[in-house]
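**Q** Take 1 as the starting number for the sequence shown in full-length UniProt numbering and just add one per residue. Provided herewith is a single structure, encoded as structure tokens, for subsequent inquiry.
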Amino acid sequence: MSVSATLVPSTFILHCSNHDRYSGYYAWRGILDFSGKENDDIILGIRQSYPDLADCLYFDLALATHCVLYELKGHRLNWLWYINGPEPERKESSLTVKVSDSMIETMHEEADKVWVPELARVMKETKEPFINIIYDSDPLPKLFRDNVVLVGDAAHPTTPHGLRSTNMSIQDAAVLGCCLKKWGLENLSSALEEYQSIRLPVISKQVLHARKLGRIKQGLALNCGRTFDPTTARQEECLQLQQRSMPYFEGVPITFDITLPSEQIGS
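Have a look at this one:
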């Protein structure tokens, strides 16, 4: 949930607002609609290269880049290709960039060099691909002031690599509801203090871990100075990429007395 600046005290905005942090990479995105073309060569080919496509989300890693591929309902394939580079120019607050024909042509040429032919062809056949700029924000120092409380994207702008944005928002709402029920509106400050005490450690670690995942997959230097190369990485390095490496993956606290498994809340 985002909060309009007109509804939030300016002192709270100044205290909690962190500037968007450009991740160091952007994403080409597109959706290929293959309705009525289920048996075309392009679809048969991509299913052969990615045999579990209908049942999972694929992360395909190359040197200093990675791609995400999965199937949507309605006979559609969704793909994202993350590319390191300077921050693209954007208009106002938009996170998307309208691309030119020459930009698309260059992307197609690069796809042929990086990805298997079947994936490159999916990208070429996709109509109107576009660019998403990837941002996040450093964890906020607090989640409420007076009777104004932040939840969802307003509380924890994050990169998409942890697959937690919606999950985190649902958990925010669940914890906030439990705290309000426990304390009642007559003790609103205590309810919000408990909400913040429970959620802030969780979301801070998850935002920073998602940031780390993105840098690993993009071959960007970590705080230790090391970079990840999928062609030479050791097994223990590859284990960092598993979703279960996310902090609190196995369960999140709902109140100070209750912790629920992730699959029971928002997974």
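Backbone N, C-alpha and C fix where the C-beta goes; we use that ideal spot for every residue, glycine too. These numbers were taken from a predicted model, which means no experiment stands behind them.
Among Pro157, Gly85, Tyr58, Tyr22, which residue has its Cα nearest to the Cα of leucine 72?
**A** As a first step, residue 72 must be located in the sequence shown, where it is residue number 72. It is Tyr58 whose Cα lies nearest to the Cα of leucine 72.
**Q** May I ask you to verify whether the region 143–150 touches the region 186–205, counting CB pairs closer than 8 angstroms and requiring at least 3?
**A** Verdict: yes, contact present.
**Q** According to DSSP, which residues form a beta bridge with asparagine 132?
**A** Sequence index remark: in the sequence shown, residue 132 carries index 132 (1-based). The partner list for asparagine 132 (beta bridge, DSSP) reads Ala27, Thr96.
**Q** Taking the CB atoms as reference points, tell me whether proline 210 and threonine 158 lie closer together than 9 angstroms.
**A** In the sequence shown, counting from the first residue as 1, residue 210 sits at position 210. In the sequence shown, counting from the first residue as 1, residue 158 sits at position 158. Looking at the sequence itself, residue 210 is alanine, so the reference to proline does not match. Contact: yes.
**Q** What separation, rounded to the nearest whole angstrom, lies between the Cα atoms of threonine 96 and alanine 27?
**A** On the sequence shown, residue 96 is found 96 positions in, with the first residue counted as 1. On the sequence shown, residue 27 is found 27 positions in, with the first residue counted as 1. Going from the Cα of threonine 96 to the Cα of alanine 27 covers about 9 angstroms.
**Q** Cα separation between isoleucine 13 and lysine 182?
**A** Start at 1 with the first residue of the sequence shown, and residue 13 comes out as number 13. Start at 1 with the first residue of the sequence shown, and residue 182 comes out as number 182. Low confidence applies to isoleucine 13: its pLDDT is 45, below 50, so where it sits in the model is not reliable enough to give any reading.
**Q** Can the beta-carbon of threonine 106 be found less than 9 angstroms from the beta-carbon of tryptophan 81?
**A** Within the sequence shown, numbered from 1, the residue matching residue 106 stands at position 106. Within the sequence shown, numbered from 1, the residue matching residue 81 stands at position 81. Taking 9 angstroms as the Cβ cut-off, threonine 106 and tryptophan 81 do not qualify as a contacting pair.
**Q** When DSSP labels each residue in this structure, what does glutamate 237 get in the three-state scheme?
**A** For the purposes of this step, residue 237 is taken as residue 237 along the sequence shown, with counting starting at 1. Of the three classes helix, strand and coil, the one that applies to glutamate 237 here is helix, per DSSP.
**Q** Give the DSSP-derived three-state secondary structure of phenylalanine 249 in the structure shown.
**A** Walking along the sequence shown from the start, residue 249 turns up at place 249. Correct three-state label for phenylalanine 249: coil.
**Q** Nearest chain D C-beta to glycine 177 closer than 9 angstroms, yes or no?
**A** Annotation note: the requested chain D is absent from the structure, which comprises a single protein chain.
**Q** Measuring only the C-alpha atoms, how far is valine 151 from serine 94?
**A** Taking the sequence shown and counting its residues from 1, one reaches residue 151 at position 151. Taking the sequence shown and counting its residues from 1, one reaches residue 94 at position 94. If I take the Cα positions, the gap works out to 21 angstroms.
**Q** Tell me, please, whether the region 122–133 touches the region 21–38 by the rule of three or more beta-carbon pairs shorter than 8 angstroms.
**A** Enough Cβ pairs lie closer than 8 angstroms, so yes.
**Q** Going by alpha carbons, who is nearest to tryptophan 79 out of Ala120, Asp52, Arg215?
**A** For the purposes of this step, residue 79 is taken as residue 79 along the sequence shown, with counting starting at 1. Among Ala120, Asp52, Arg215, the Cα nearest to that of tryptophan 79 belongs to Ala120.
**Q** Leaving out five residues before and five after valine 122 in sequence, what residues of the same chain have Cβ atoms less than 7 angstroms from its Cβ?
**A** The residue you call residue 122 lines up with position 122 of the sequence shown. Counting only Cβ-Cβ distances below 7 angstroms, and skipping sequence neighbours, we find Leu32, Ile42, Ile46, Leu77, Trp79.
**Q** One question on the structure: do lysine 142 and leucine 200 come within less than 9 angstroms of each other, judged by their Cβ atoms?
**A** Counting from one through the sequence shown, the residue named residue 142 turns up at place 142. Counting from one through the sequence shown, the residue named residue 200 turns up at place 200. Contact: yes.
**Q** On the DSSP letters alone, give me the boundaries of the beta strand (DSSP E) that glutamate 71 sits inside.
**A** If you number the sequence shown from 1, residue 71 lands on position 71. Where glutamate 71 is concerned, the enclosing beta strand (DSSP E) stretches over 65–72.
**Q** With distances taken Cα to Cα, identify the nearest neighbour of serine 243 among Asn223, Cys56, Gly184, Ser197.
**A** For the purposes of this step, residue 243 is taken as the residue at position 243 of the sequence shown. According to the sequence displayed, residue 243 carries glutamine and not serine. With distances taken between Cα atoms, glutamine 243 lies closest to Cys56.
**Q** Three-state secondary structure (DSSP) at tryptophan 183?
**A** Looking up residue 183 in the sequence shown gives position 183. Of the three classes helix, strand and coil, the one that applies to tryptophan 183 here is helix, per DSSP.
**Q** With a threshold of 8 angstroms on Cβ separation, who are the neighbours of isoleucine 104 within its own chain once the five nearest residues in sequence on each side are excluded?
**A** Walking along the sequence shown from the start, residue 104 turns up at place 104. Within the same chain, isoleucine 104 has close Cβ partners Pro129.
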